[in-house]
Each structure stands twice: as C-alpha cells, then as structure tokens.
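A.B. asks: Sending over a structure as structure tokens; questions will come in a sec.
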Amino acid sequence: MQGSVLVLGAGMVGAACALELQRRGLDVALVDAREPGSETSHGNAGVLTRSSIVPFNNPALWRALPGLLANESASLRYDPAYLLRNIGWAMRFLLAARRGTFERTVAALDPLTRLSLREHERLLAESGQLARLRRDGWMFLYRQPPRTAGMRLQLEVYQRCGVEVEELDPAAIHALEPALRPIFARGLLIRAARSVDDPGAVVRAYAELFARRGGRLLRRRAVGLERQARGWSVRFEQGSVEQAQQVVVALGPWSAAFLRTAGLRIPMAFERGYHMHYAGAADGAPALTRPIHDAQAGYVLSPMRRGLRLSTGVELNDLDAPPRHAQLEAAQRAAAQALELGRRLDENPWKGARPTLPDSRPMIGELPRRGLWAAFGHQHIGFSTGPGSASLLGALMAGEPAPIDPAPFAPQRFAGLGPPS
Ligand SMILES: Cc1cc2nc3c(=O)[nH]c(=O)nc-3n(C[C@H](O)[C@H](O)[C@H](O)COP(=O)(O)OP(=O)(O)OC[C@H]3O[C@@H](n4cnc5c(N)ncnc54)[C@H](O)[C@@H]3O)c2cc1C
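Straight run, no breaks: the sequence shown in our numbering ends on number 467.
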C-alpha cells in the first residue's frame with residue numbers, strides 16, 4: 047500500500063476512512079473546510095439501524111408516485127425546475143425501484159449496515175463515546191393501517207435479512223412511549239436499532255481520536271486536484287497545495303462538484319432535509335425516549351442532547367438553492383399532534399442534503415484515475431454506514447480481500463466511470 051493519503055471531508059464517512067487508513071499504517075491527513083462533523087453528519091436523525099436497507103426507491107414507490115407528484119407530501123417534495131434539469135438522474139432513480147435492481151441494493155446494503163454497526167461500536171468505545179449510544183431501538187408509527195404493498199415489502203425484506211421487528215398495537219405504543227398521544231393505530235419496533243444523542247459530537251470525537259493517534263487534521267477548503275507523476279496535488283482556497291500519493295474524496299454532497307475539477311461526472315442528486323429542535327414537554331411530563339418515524343406524516347423525531355430534533359423527509363433541489371420551510375412547517379404541525387413539542391430552540395432551521403446516486407448505493411472504490419478513491423453517496427444512511435464503508439475502502443486500497451462484496455459499490459457500475467488508469 048502506498049504511504050501518504052489525503053482524505054477530503056471530515057463528515058462521518060471521511061472521519062471513519064481516516065481512522066481506518068491510519069490503523070493500516072498509512073500517513074493520513076484529514077481535511078475539512080469546517081470543524082469535523084459540522085454538515086450533513088451533524089444534522090441527521092442519529093439513527094443507526096439495519097432497517098434502513100430498504101431504500102426510498104423500492105418497488106412500492108411506483109404506486110405512491112401519483113400522490114408524491116402532487117408535491118405536497120411531507121415525505122417528498124421537489125423543485126420542478128431542478129427535477130427537469132436532472133431528469134436523467136430521476137429516470138434512473140425510478141428505474142432502480144424495479145425489483146431486480148432493488149434486490150441487488152438490499153443485498154448490498156445489508157452486509158454494509160451489519161459491518162458498520164460492529165465498527166461503530168468499536169469506534170464509539172475507542173473514542174470514549176459509548177455513553178451517547180442508546181440501544182433501545184426505533185419505531186415506525188402509522189396513523190392509519192398502512193398500505194399493504196409497501197408494508198408487506200418492508201416486512202418481507204426484514205424477515206429475509208434477519209431484522210427483528212415487533213408489531214405494536216396502541217397499548218404497546220403507549221407502554222413504550224407514554225409521551226405520545228394516542229393517535230397511532232399501529233407501530234413497528236426495530237428493537238436492535240441504536241441511536242445517538244449528538245451525531246456531530248460523535249464525528250468530532252472520531253476526528254479527535256484520529257488526531258490523538260498522530261493524524262494530521264487540516265482546516266482548509268479544497269478547490270481542485272491535479273495528477274502528478276507520483277500521486278496527486280490538491281489545491282486549497284488561498285493558494286496552498288498538499289501532495290499525497292492517494293486521495294480519498296469523502297465530501298458528501300459536495301463530492302460531485304469537486305470531482306468535476308478532475309473531469310469526472312458523478313450522477314448525484316440532493317435529497318435535502320431540514321431540522322429544528324424543540325424544548326419538549328414541561329418538567330415532570332413523560333419525554334420521548336427513542337427516535338420515532340411518523341411514517342405517513344413523513345418526519346422523524348429524535349431525542350437529542352440539545353432537545354427534541356424534528357427532521358423532515360426529502361426535498362429534491364439544488365444543494366445551494368434557498369431554503370424552503372413549508373415541509374418543516376408541515377412536519378411541525380403533524381408532530382405537534384403526536385406529542386408536546388414545546389418551544390423552538392433554534393433561531394433558524396438547519397438545512398442539509400443527503401447525497402444520492404440513482405441506485406441508492408454509496409460509491410466506494412477507485413475512480414477512473416489511479417490513486418483517486420470515492421467514499422460518498424450515502425443517501426439516508428451515511429451516519430450509520432460510514433464506518434463499514436471505511437473498512438471496505440481500507441481493504442480495497444490495501445489490495446486485500448474485502449470484508450463485503452465491493453462490486454455493488456464500485457464506481458464502474460456507472461457508464462462513463464471506467465477502470466482506473
Ligand atoms: C435530515 C436528515 C436526516 C438523516 N438521518 C440519518 C440517520 O438517522 N441515520 C443515518 O445513518 N443517516 C442519516 N442521514 C444521512 C447522513 O446524514 C448522510 O448520509 C451522512 O451524514 C453523509 O456523510 P458524509 O461524511 O458523506 O458527508 P458530510 O457529513 O456532509 O461531510 C462532508 C464534509 O466535507 C466538507 N467539505 C465540503 N466541501 C469541502 C471542500 N471543498 N473542502 C474541504 N471540505 C469540504 C464539509 O464541511 C463536510 O464536513 C440523514 C440526512 C439528513 C439530511
């Protein structure tokens with residue numbers, strides 16, 4: 047394995063990659079324009095679960111499509127102009143909902159999530175963050191009996207993949223979460239799911255562990271990269287340059303724009319999302335103890351250190367388009383029916399973007415340029431699957447047998463991204 051590596055991006059994916067490559071004896075620098083874990087890996091719902099192996103583009107999406115196209119649903123909204131500009135991506139995303147591609151995605155994500163949960167446990171222990179980890183599961187809640195096709199598919203996948211599920215009636219929901227009002231007809235408890243109370247702090251702790259072990263943390267914004275005779279040079283804002291034999295691009299939603307500077311086109315779209323924190327119930331009243339997904343209302347509520355974090359479904363839009371708060375407002379109205387939210391704690395809603403490739407699998411592997419590696423595209427599950435992605439990447443970079451099948455994640459599955467040369 048060649049010696050020096052620059053890992054660009056210190057979100058969950060980049061921080062985990064830096065730790066893994068360091069563990070393998072490489073000389074690693076981890077670079078971010080901001081403090082580690084300040085972007086998507088900060089703003090998520092903090093859920094670590096194998097139940098996320100069913101991607102948004104699954105065969106049940108076809109039936110839901112007419113309702114979603116109305117553009118008023120809490121779980122999916124879109125900017126029509128953005129969708130038209132990215133119609134190729136949208137068609138491929140829809141086509142990947144067909145049974146064959148969907149099954150390949152489930153078969154790929156299942157071992158990745160299993161591996162990631164094990165690796166997270168190890169990294170949480172090594173970075174002194176185990177106290178942040180809750181092991182009491184997470185819940186899908188349904189106000190009306192759910193549509194059978196989607197539900198049947200979800201349960202069938204869980205059964206096949208050994209994701210244990212407990213079906214809940216209203217009394218069981220109340221027993222688990224007395225803070226919830228009795229508006230839910232049915233629930234599913236994924237008991238083995240875990241969650242953390244501050245995702246950004248977990249990433250910071252992973253980056254600090256990397257630094258304590260001798261890794262270099264650089265606070266710089268990368269603006270381009272060029273191939274050199276023996277490796278790569280990365281240019282940063284304000285003109286500085288770093289050279290390394292290999293570069294890992296783990297820039298989350300910014301990866302595609304950055305790789306255009308190396309002449310590579312990555313089929314990535316942005317599933318934007320928002321969050322807001324709330325103070326919760328008054329002292330003495332029951333509080334939510336685990337994350338819940340109000341499936342038909344399309345939001346997630348997670349108890350966090352800062353307060354109750356309400357996060358929204360998907361808004362397909364440009365990464366930098368101005369925020370649109372209608373979806374969050376709708377989620378807030380729906381969540382207020384479910385429990386006492388209390389007052390807002392943030393001045394403005396947080397906005398982020400899930401980086402998504404058409405088949406809902408991350409891209410992990412060597413790009414068509416030798417020594418340039420991809421670790422991005424983790425859509426809704428990058429906080430969970432960063433550590434497993436790092437294990438896979440580390441084995442591929444070392445030329446060792448991979449811990450899981452790398453083929454479904456290879457850049458070369460997309461036309462235009464040929465073998466490295
Ligand atoms: C609302 C919401 C809820 C979610 N809930 C969950 C969940 O419960 N569980 C789960 O597993 N996943 C969840 N996700 C998805 C998850 O958050 C992402 O998949 C994951 O955080 C992506 O991590 P990343 O490291 O690839 O990207 P990021 O965390 O975005 O990291 C990329 C880093 O690159 C840096 N950067 C960007 N450009 C440059 C540059 N030019 N130079 C230097 N640095 C740069 C950024 O500062 C950033 O730190 C959710 C996402 C959203 C939006």
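By construction, the Cβ of each residue, glycine as well, lies at the ideal position given by its N, Cα and C atoms.
Just to confirm, are V100 and W184 a CB contact at a threshold of 8 angstroms?
C.D. replies: no
A.B. asks: Take the Cβ of L141 as the centre, count every other Cβ of all protein chains shown within 10 Å, and call the residue buried at 16 or more, exposed below.
C.D. replies: exposed
A.B. asks: Check S487 in the structure and name its three-state DSSP category.
C.D. replies: As shown, the chain starts at 47 and ends at 467. That puts residue 487 outside it, with no answer to give.
A.B. asks: So, helix, strand or coil for G417, using DSSP?
C.D. replies: Residue state, collapsed to three classes: coil.
A.B. asks: Which of helix, strand or coil does DSSP assign to F304?
C.D. replies: helix
A.B. asks: Got a sec: does ligand 1 put a non-hydrogen atom nearer than 7 angstroms to the Cβ of V152?
C.D. replies: no
A.B. asks: Any heavy atom of ligand 1 inside 7 angstroms of the beta-carbon of E272?
C.D. replies: no
A.B. asks: Does any heavy atom of ligand 1 sit closer than 7 angstroms to the C-beta of N117?
C.D. replies: no
A.B. asks: Could you pull the start and end residues of the alpha helix (DSSP H) that R400 belongs to?
C.D. replies: It is not in any alpha helix (DSSP H) - R400 instead sits in the beta strand (DSSP E) that spans W396 to T402.
A.B. asks: Give the DSSP bridge partners of V295, in chain order.
C.D. replies: L54 and A420
A.B. asks: Can you check DSSP and say which residues form a bridge with E471?
C.D. replies: Residue 471 lies beyond the residue range present for the chain, which begins at 47 and ends at 467; the question has no answer from this structure.
A.B. asks: Looking at the unbroken alpha helix (DSSP H) that takes in I133, where does it start and where does it end?
C.D. replies: Boundaries of the alpha helix (DSSP H) around I133: I133 to L141.
A.B. asks: Indicate the three-state DSSP secondary structure (helix, strand or coil) for M47 in the structure shown.
C.D. replies: Its pLDDT being 44, under 50, M47 is placed unreliably in this model, and the coordinates cannot settle the point.
A.B. asks: My understanding is that F316 touches P401, with C-beta atoms under 8 angstroms, so please give their C-beta distance in whole angstroms.
C.D. replies: 7 angstroms
A.B. asks: Just to confirm my understanding: we take L201, look at its own chain, exclude 5 residues before and 5 after, and list those with CB closer than 7 angstroms. What are they?
C.D. replies: V211
A.B. asks: On a CA-only basis, which of S84, Q68, R181 and P452 is nearest R250? Give me that one, please.
C.D. replies: The shortest C-alpha to C-alpha distance from R250 to any of S84, Q68, R181 and P452 is the one to S84.
A.B. asks: Using 10 angstroms around the beta-carbon of G398, count the other beta-carbons present and answer buried if the total reaches 16, otherwise exposed.
C.D. replies: buried
A.B. asks: Between L76 and A62, which are expected to be in contact by the criterion C-beta below 8 angstroms, what is the C-beta distance as a whole number of angstroms?
C.D. replies: Going by Cβ atoms, the distance from L76 to A62 rounds to 10 angstroms, so no, they are not a contact pair.
A.B. asks: For the 8 angstroms Cβ check, are there 3 or more pairs between the region 240-257 and the region 165-182?
C.D. replies: Taking 8 angstroms as the limit for Cβ pairs, the verdict is that the region 165-182 does touch the region 240-257.
A.B. asks: Only counting the same chain, and skipping five residues up and downstream in sequence, which positions put a Cβ closer than 8 angstroms to that of M47?
C.D. replies: With a pLDDT of 44 at M47, under the threshold of 50, the predicted position of this residue should be treated as unreliable, though the coordinate-derived value follows. Contacts found: R70, G71, L72, M443, A444 and G445.
A.B. asks: Suppose you measure from the CA of V360 to the CA of P245; what does that come to, to the nearest Å?
C.D. replies: Looking at the two C-alpha atoms, the distance is approximately 19 angstroms.
A.B. asks: Check whether the Cβ atoms of A120 and A384 sit closer than 8 angstroms, and answer yes or no.
C.D. replies: no
A.B. asks: Can you give the Cα-Cα distance for S97 and A153, rounded to whole angstroms?
C.D. replies: So the alpha carbons of these two residues sit roughly 13 angstroms apart.
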